[in-house]
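For the sequence shown, this note's numbering gives the first residue as 1, with consecutive numbering after it. Contents: one structure, followed by commentary.
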Amino acid sequence: MKAIQHYVQSRAECDECHPMLHIWTFLSACGAALGDRHCIPFGDGQINPNMYVVVVGEPASRKSTAIKAGKKLLIEAGYDTIADASTTLQGWLKSIANPDVDSIDGSAGHIESYIAHDEVINFLGQGNTDFITRLGEVWDKTDGFEHKTAGGTSVKIENLVVNILGGTTPEQFHMMFPPMVAGQGLLSRLLLVSAPSKVRKYHRPQPMNPDAKLEVIRLFERLQGSSARYEIPAGTPVDLALKDIYEAYTSHDDKRFETYDGRRYTHFLKLLIICTALREGEFITLDDVYD
1 MKAIQHYVQS RAECDECHPM LHIWTFLSAC GAALGDRHCI PFGDGQINPN
51 MYVVVVGEPA SRKSTAIKAG KKLLIEAGYD TIADASTTLQ GWLKSIANPD
101 VDSIDGSAGH IESYIAHDEV INFLGQGNTD FITRLGEVWD KTDGFEHKTA
151 GGTSVKIENL VVNILGGTTP EQFHMMFPPM VAGQGLLSRL LLVSAPSKVR
201 KYHRPQPMNP DAKLEVIRLF ERLQGSSARY EIPAGTPVDL ALKDIYEAYT
251 SHDDKRFETY DGRRYTHFLK LLIICTALRE GEFITLDDVY D
(Lines of atoms letter the chains of each structure in order from A and count residues from 1; the text may use other names and numbers.)
(Lines give C-alpha, C1' and ligand atoms only; values in the text may rest on other atoms or scores of the structure.)
Protein backbone atom coordinates (compact mmCIF):
# COMPACT_ATOMS: atom_id res chain seq x y z
CA MET A 1 0.00 0.00 0.00
CA LYS A 2 1.31 3.41 -1.03
CA ALA A 3 0.94 5.14 2.35
CA ILE A 4 2.79 2.36 4.16
CA GLN A 5 5.54 2.22 1.55
CA HIS A 6 5.97 5.98 1.71
CA TYR A 7 6.39 5.93 5.48
CA VAL A 8 8.85 3.03 5.48
CA GLN A 9 10.96 4.57 2.70
CA SER A 10 10.99 7.94 4.44
CA ARG A 11 12.23 6.41 7.68
CA ALA A 12 14.81 4.26 5.86
CA GLU A 13 16.61 7.44 4.88
CA CYS A 14 17.25 8.45 8.47
CA ASP A 15 17.44 5.45 10.84
CA GLU A 16 18.60 1.85 11.18
CA CYS A 17 15.26 0.20 11.97
CA HIS A 18 14.08 -2.88 10.16
CA PRO A 19 11.10 -2.03 7.88
CA MET A 20 8.85 -4.38 9.89
CA LEU A 21 9.15 -2.10 12.92
CA HIS A 22 8.07 0.94 10.97
CA ILE A 23 5.19 -0.91 9.29
CA TRP A 24 3.60 -1.93 12.58
CA THR A 25 4.31 1.41 14.23
CA PHE A 26 2.60 3.16 11.35
CA LEU A 27 -0.40 0.81 11.35
CA SER A 28 -0.78 1.21 15.12
CA ALA A 29 -0.65 5.00 14.88
CA CYS A 30 -3.26 4.92 12.10
CA GLY A 31 -5.55 2.76 14.24
CA ALA A 32 -5.20 5.22 17.13
CA ALA A 33 -5.93 8.17 14.83
CA LEU A 34 -9.11 6.48 13.56
CA GLY A 35 -10.46 5.66 17.03
CA ASP A 36 -13.89 4.10 16.60
CA ARG A 37 -15.02 6.56 13.93
CA HIS A 38 -14.27 3.91 11.31
CA CYS A 39 -15.81 0.50 11.92
CA ILE A 40 -17.34 -2.63 10.46
CA PRO A 41 -20.79 -3.62 11.78
CA PHE A 42 -20.46 -7.02 13.37
CA GLY A 43 -23.46 -8.80 14.88
CA ASP A 44 -25.04 -6.51 17.47
CA GLY A 45 -21.85 -4.47 17.78
CA GLN A 46 -18.96 -3.33 15.64
CA ILE A 47 -15.30 -3.99 14.95
CA ASN A 48 -13.05 -1.00 15.60
CA PRO A 49 -9.50 -0.57 14.21
CA ASN A 50 -7.85 -0.38 17.64
CA MET A 51 -4.97 -2.82 18.07
CA TYR A 52 -2.64 -4.06 20.80
CA VAL A 53 0.79 -4.25 19.14
CA VAL A 54 3.84 -5.32 21.14
CA VAL A 55 7.27 -5.41 19.50
CA VAL A 56 9.54 -8.03 21.05
CA GLY A 57 13.27 -7.95 20.42
CA GLU A 58 16.71 -7.87 21.91
CA PRO A 59 18.12 -4.61 23.28
CA ALA A 60 19.54 -2.29 20.58
CA SER A 61 17.25 -3.74 17.88
CA ARG A 62 15.95 -0.19 17.40
CA LYS A 63 12.44 -0.89 18.79
CA SER A 64 12.42 2.40 20.66
CA THR A 65 13.56 4.37 17.62
CA ALA A 66 10.62 3.16 15.54
CA ILE A 67 8.00 3.56 18.27
CA LYS A 68 9.13 7.03 19.31
CA ALA A 69 9.23 8.23 15.70
CA GLY A 70 5.63 7.22 14.94
CA LYS A 71 4.36 8.45 18.30
CA LYS A 72 6.01 11.86 17.80
CA LEU A 73 4.43 12.33 14.38
CA LEU A 74 0.99 11.42 15.72
CA ILE A 75 1.35 13.96 18.53
CA GLU A 76 2.43 16.62 16.02
CA ALA A 77 -0.78 15.85 14.12
CA GLY A 78 -2.76 16.92 17.17
CA TYR A 79 -3.37 13.56 18.85
CA ASP A 80 -3.45 14.21 22.60
CA THR A 81 -4.62 11.07 24.40
CA ILE A 82 -1.29 9.31 24.99
CA ALA A 83 -1.35 7.44 28.30
CA ASP A 84 1.22 8.29 30.97
CA ALA A 85 4.35 6.14 30.83
CA SER A 86 4.22 4.81 34.37
CA THR A 87 0.97 4.31 36.23
CA THR A 88 -1.42 1.92 37.95
CA LEU A 89 -4.80 0.66 36.80
CA GLN A 90 -6.57 3.20 39.02
CA GLY A 91 -4.19 5.95 37.98
CA TRP A 92 -4.78 5.26 34.32
CA LEU A 93 -8.56 5.18 34.67
CA LYS A 94 -8.53 8.34 36.74
CA SER A 95 -6.40 10.17 34.18
CA ILE A 96 -8.65 9.30 31.23
CA ALA A 97 -12.06 9.54 32.91
CA ASN A 98 -11.60 12.43 35.33
CA PRO A 99 -8.29 14.13 34.54
CA ASP A 100 -9.12 17.36 36.42
CA VAL A 101 -10.39 16.00 39.72
CA ASP A 102 -8.88 14.09 42.64
CA SER A 103 -11.63 11.48 42.99
CA ILE A 104 -12.01 8.50 40.71
CA ASP A 105 -15.78 8.51 41.32
CA GLY A 106 -17.86 9.58 38.35
CA SER A 107 -18.55 8.84 34.73
CA ALA A 108 -17.29 9.85 31.33
CA GLY A 109 -18.50 9.56 27.76
CA HIS A 110 -16.38 8.74 24.74
CA ILE A 111 -12.73 8.25 25.77
CA GLU A 112 -9.66 7.24 23.75
CA SER A 113 -6.33 6.17 25.22
CA TYR A 114 -3.17 5.28 23.32
CA ILE A 115 -0.68 3.31 25.41
CA ALA A 116 2.38 4.01 23.26
CA HIS A 117 5.62 3.34 25.10
CA ASP A 118 8.91 1.87 23.95
CA GLU A 119 9.33 0.23 27.37
CA VAL A 120 5.79 -1.04 27.89
CA ILE A 121 6.74 -2.86 31.10
CA ASN A 122 6.85 0.58 32.77
CA PHE A 123 3.13 0.85 32.07
CA LEU A 124 1.92 -2.71 32.60
CA GLY A 125 4.23 -3.67 35.44
CA GLN A 126 5.19 -7.24 36.30
CA GLY A 127 2.45 -9.88 36.43
CA ASN A 128 -0.25 -7.30 37.08
CA THR A 129 -3.22 -9.61 36.58
CA ASP A 130 -5.90 -7.04 37.35
CA PHE A 131 -4.50 -4.55 34.85
CA ILE A 132 -4.02 -7.29 32.24
CA THR A 133 -7.60 -8.51 32.70
CA ARG A 134 -9.06 -5.02 32.31
CA LEU A 135 -7.05 -4.28 29.17
CA GLY A 136 -8.24 -7.58 27.71
CA GLU A 137 -11.84 -6.63 28.38
CA VAL A 138 -11.76 -3.26 26.61
CA TRP A 139 -10.06 -4.48 23.41
CA ASP A 140 -13.38 -5.23 21.73
CA LYS A 141 -15.87 -3.83 24.24
CA THR A 142 -18.27 -1.27 22.75
CA ASP A 143 -21.09 -1.21 25.31
CA GLY A 144 -19.46 0.70 28.16
CA PHE A 145 -16.93 -0.06 30.87
CA GLU A 146 -17.07 0.12 34.65
CA HIS A 147 -14.34 -0.47 37.20
CA LYS A 148 -14.90 -0.69 40.95
CA THR A 149 -12.04 -0.53 43.41
CA ALA A 150 -11.65 -2.37 46.69
CA GLY A 151 -12.34 0.91 48.48
CA GLY A 152 -15.78 1.24 46.94
CA THR A 153 -15.02 4.01 44.43
CA SER A 154 -15.84 3.45 40.78
CA VAL A 155 -15.50 4.90 37.33
CA LYS A 156 -17.88 4.41 34.44
CA ILE A 157 -16.92 5.07 30.84
CA GLU A 158 -19.62 4.87 28.21
CA ASN A 159 -17.26 4.14 25.35
CA LEU A 160 -13.55 3.41 25.87
CA VAL A 161 -11.26 2.85 22.88
CA VAL A 162 -7.74 1.66 23.75
CA ASN A 163 -4.73 1.14 21.49
CA ILE A 164 -1.37 -0.27 22.57
CA LEU A 165 2.02 0.10 20.91
CA GLY A 166 4.81 -1.15 23.11
CA GLY A 167 8.33 -2.43 22.97
CA THR A 168 9.88 -5.11 25.16
CA THR A 169 12.59 -7.73 25.36
CA PRO A 170 11.89 -11.48 25.68
CA GLU A 171 12.96 -11.32 29.33
CA GLN A 172 10.66 -8.41 30.10
CA PHE A 173 7.81 -10.08 28.26
CA HIS A 174 7.98 -13.07 30.60
CA MET A 175 8.03 -10.69 33.56
CA MET A 176 4.87 -8.94 32.34
CA PHE A 177 3.09 -12.14 31.35
CA PRO A 178 4.11 -15.02 33.64
CA PRO A 179 2.43 -18.42 33.12
CA MET A 180 -0.33 -17.60 35.60
CA VAL A 181 -1.77 -14.91 33.29
CA ALA A 182 -1.76 -17.05 30.15
CA GLY A 183 -5.51 -17.63 30.40
CA GLN A 184 -6.47 -14.02 31.10
CA GLY A 185 -7.37 -13.29 27.47
CA LEU A 186 -5.03 -10.38 26.79
CA LEU A 187 -2.37 -12.50 25.10
CA SER A 188 -4.74 -13.56 22.32
CA ARG A 189 -5.55 -9.91 21.73
CA LEU A 190 -1.89 -8.95 21.31
CA LEU A 191 -0.17 -8.77 17.95
CA LEU A 192 3.37 -9.82 18.81
CA VAL A 193 5.91 -8.50 16.32
CA SER A 194 9.40 -9.95 16.29
CA ALA A 195 12.00 -7.19 16.06
CA PRO A 196 14.71 -8.20 13.58
CA SER A 197 18.19 -6.79 13.87
CA LYS A 198 18.93 -3.38 12.42
CA VAL A 199 19.41 -3.41 8.65
CA ARG A 200 21.58 -0.33 8.12
CA LYS A 201 24.42 1.47 9.85
CA TYR A 202 24.23 5.23 10.23
CA HIS A 203 27.00 6.67 12.36
CA ARG A 204 24.98 9.89 12.46
CA PRO A 205 21.22 9.41 11.89
CA GLN A 206 19.50 12.22 10.01
CA PRO A 207 16.13 13.90 10.68
CA MET A 208 13.18 12.78 8.61
CA ASN A 209 12.79 14.60 5.30
CA PRO A 210 10.62 17.68 6.05
CA ASP A 211 8.29 17.13 3.09
CA ALA A 212 7.83 13.45 3.89
CA LYS A 213 7.27 14.29 7.56
CA LEU A 214 4.61 16.86 6.71
CA GLU A 215 2.85 14.38 4.45
CA VAL A 216 2.60 11.83 7.27
CA ILE A 217 1.35 14.46 9.72
CA ARG A 218 -1.31 15.57 7.24
CA LEU A 219 -2.35 11.94 6.82
CA PHE A 220 -2.75 11.47 10.57
CA GLU A 221 -4.76 14.70 10.71
CA ARG A 222 -7.05 13.45 7.98
CA LEU A 223 -7.60 10.12 9.70
CA GLN A 224 -8.53 11.85 12.95
CA GLY A 225 -11.13 13.96 11.18
CA SER A 226 -12.71 11.22 9.09
CA SER A 227 -15.40 8.63 9.73
CA ALA A 228 -16.88 5.66 7.88
CA ARG A 229 -19.12 2.72 8.66
CA TYR A 230 -18.17 -0.06 6.27
CA GLU A 231 -21.32 -2.06 5.64
CA ILE A 232 -20.69 -5.41 3.92
CA PRO A 233 -23.97 -6.71 2.45
CA ALA A 234 -24.45 -10.47 2.55
CA GLY A 235 -23.67 -12.30 -0.67
CA THR A 236 -21.51 -9.58 -2.19
CA PRO A 237 -18.05 -10.48 -3.55
CA VAL A 238 -16.38 -8.91 -0.50
CA ASP A 239 -18.64 -10.83 1.88
CA LEU A 240 -17.95 -14.12 0.07
CA ALA A 241 -14.20 -13.46 0.07
CA LEU A 242 -14.24 -12.83 3.82
CA LYS A 243 -16.30 -15.99 4.30
CA ASP A 244 -13.70 -18.03 2.40
CA ILE A 245 -10.85 -16.51 4.44
CA TYR A 246 -12.61 -17.23 7.71
CA GLU A 247 -13.66 -20.80 6.89
CA ALA A 248 -10.47 -21.87 5.11
CA TYR A 249 -8.18 -21.10 8.01
CA THR A 250 -6.79 -24.14 9.80
CA SER A 251 -6.00 -23.77 13.48
CA HIS A 252 -2.52 -24.39 14.86
CA ASP A 253 -1.77 -27.76 16.38
CA ASP A 254 0.13 -25.93 19.12
CA LYS A 255 -2.29 -25.35 22.02
CA ARG A 256 -0.52 -22.13 22.89
CA PHE A 257 -2.11 -20.54 19.81
CA GLU A 258 -5.60 -21.84 20.51
CA THR A 259 -7.01 -18.60 21.92
CA TYR A 260 -5.25 -16.49 19.28
CA ASP A 261 -6.81 -18.60 16.53
CA GLY A 262 -10.21 -17.64 17.87
CA ARG A 263 -9.45 -13.93 17.41
CA ARG A 264 -7.35 -14.08 14.26
CA TYR A 265 -10.27 -13.07 12.04
CA THR A 266 -11.03 -10.05 14.25
CA HIS A 267 -7.39 -8.96 13.97
CA PHE A 268 -7.74 -9.26 10.20
CA LEU A 269 -10.88 -7.09 10.11
CA LYS A 270 -9.16 -4.40 12.17
CA LEU A 271 -6.32 -4.23 9.66
CA LEU A 272 -8.86 -4.21 6.82
CA ILE A 273 -10.51 -1.10 8.28
CA ILE A 274 -7.15 0.68 8.54
CA CYS A 275 -6.11 -0.16 4.98
CA THR A 276 -9.48 0.93 3.58
CA ALA A 277 -9.27 4.23 5.49
CA LEU A 278 -5.73 4.85 4.22
CA ARG A 279 -6.91 4.81 0.63
CA GLU A 280 -9.90 7.00 1.59
CA GLY A 281 -12.35 4.32 0.50
CA GLU A 282 -16.07 4.77 1.11
CA PHE A 283 -16.50 1.01 1.16
CA ILE A 284 -14.34 -2.11 1.33
CA THR A 285 -13.27 -3.61 -1.99
CA LEU A 286 -11.79 -6.97 -2.97
CA ASP A 287 -8.45 -5.23 -3.45
CA ASP A 288 -8.58 -4.13 0.19
CA VAL A 289 -9.29 -7.70 1.28
CA TYR A 290 -6.49 -9.33 -0.68
CA ASP A 291 -3.87 -6.58 -0.39
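Positions of the beta carbon are idealized from the N, C-alpha and C atoms, including for glycine. Since the structure is predicted, the reported quantities are computational estimates derived from the model, not experimental observations.
query                                                                                                           : result
Among E282, D287, Y290 and D291, nearest to I40 - alpha-carbon criterion                                        : E282
Spatial neighbours of H203 in its chain, beta-carbon cut-off 7 Å, leaving aside the 5 residues before and after : none
Presumed contact (8 Å Cβ cut-off) between L269 and I4, rounded CB distance                                      : Not quite, the Cβ-Cβ distance comes to about 18 Å (not below 8 Å), so this is no contact.
Limits of the unbroken beta strand (DSSP E) element including H252                                              : Here H252 belongs to no beta strand (DSSP E), and DSSP marks it neither H nor E.
Assigned exposure category for L160 - 16 Cβ within 10 Å defines buried                                          : buried
P49 beta carbon less than 7 Å from that of G70                                                                  : no
DSSP-derived helix/strand/coil call for P196                                                                    : coil
Alpha carbon of P336 to alpha carbon of C14, nearest angstrom                                                   : Missing from the structure shown is residue 336; the chain here goes from 1 to 291 and no further.
C-alpha gap between V8 and M208, whole angstroms                                                                : 11 Å
Buried/exposed call for T276, threshold 16 Cβ in 10 Å                                                           : buried
Cross-strand partners of E146 (DSSP beta bridge)                                                                : K156
Classification of S61 by the beta-carbon crowding that lies within 10 angstroms, buried from 16 upward          : buried
Opposing strand residues paired with N116 [DSSP bridges]                                                        : According to the sequence provided, residue 116 is Ala. The question's Asn does not apply to it. According to DSSP, which records beta bridges pairwise, A116 is partnered with L165.
Sequence-distant residues of its chain with Cβ nearer than 8 Å to M175 (five each side left out)                : I121, Q126 and G127
Delimiting residues of the beta strand (DSSP E) encompassing I121                                               : Where I121 is concerned, there is no enclosing beta strand (DSSP E), although the alpha helix (DSSP H) it sits in stretches over I121 to L124.
Outcome for L186 when other beta-carbon atoms lying within 10 angstroms are tallied against a minimum of 16     : buried
Inter-residue Cα distance where the pair is K2 and D291                                                         : 11 Å
Secondary structure, beta strand (DSSP E): runs of 3+ residues fully inside the region 215-250                  : none
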